[in-house]
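Working notes, structure below.
Set out below in structure tokens:
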């Protein structure tokens, strides 16, 4: 005869009557004083065994879960990647070299003390940059209510070289959101003038 598996929980609220103080008892009576009972007793009972059928697939899943949890505990939470304040995207269709040694920029992920002088970008490639020296963003207000001269925004330039053209270096201003056209002093096979558009957003 099949008996369904049952799990029974018995909850009992115990009396909260205070026990008389042991100071009023004799030495022989102190040995028989019971402990204070808990306010609530919970008893979980199961009379039948619970039978489980484990397949090989289930065991494999549990094993993989255990390995995944163990690996997560050892590795710990991953540090969020730092966001580059400047992203350079090359959409010119040409090979472009960033001459970082001629400006205030450095590669975002470069290790401390490991300076990168140049970055070559294929068409469609991108790289994250940051300032080599952090700016002082404090603002000094003069008595007249205007800001001092040193608080004015300093223009920053990114020097780039178009590799397919000799001696073609451009200084691109990047401090303000703007779109500018720069002539490359080059003409293609159809005698059309080539240029580069700098789009700062």
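Residue numbers (our numbering): 3 to 203. We put the beta carbon where it would ideally sit given N, CA and C, even for glycine.
Using alpha carbons as the reference points, say which of the options lies closest to residue i.
| i | options | result |
| --- | --- | --- |
| residue 109 | 16, 87, 124, 98 | 87 |
| residue 42 | 188, 15, 133 | 15 |
| residue 157 | 177, 107, 89, 172 | 177 |
| residue 1 | 197, 40, 163, 67 | No answer is possible for residue 1: the residues shown for the chain start at 3 and end at 203. |
| residue 120 | 100, 106, 160, 196 | 100 |
Under the three-state reduction of DSSP, which class applies to residue i: helix, strand or coil?
| i | result |
| --- | --- |
| residue 187 | strand |
| residue 203 | coil |
| residue 170 | coil |
| residue 180 | strand |
| residue 5 | coil |
| residue 85 | coil |
With DSSP as the reference, please indicate the residues paired to residue i in a beta bridge.
| i | result |
| --- | --- |
| residue 45 | 12 |
| residue 68 | For residue 68, which the question treats as bridged, DSSP gives no partner whatsoever. |
| residue 197 | 185 |
| residue 1 | Since the first residue shown for the chain is 3 and the last is 203, residue 1 is missing from the structure and cannot be characterised. |
| residue 120 | 101 |
| residue 175 | 159 |
| residue 110 | DSSP, once it has assigned bridges, lists no residue as partnering residue 110. |
Looking at C-beta atoms only, is the number of pairs between the segment 90–106 and the segment 47–62 that lie closer than 8 Å three or more?
no
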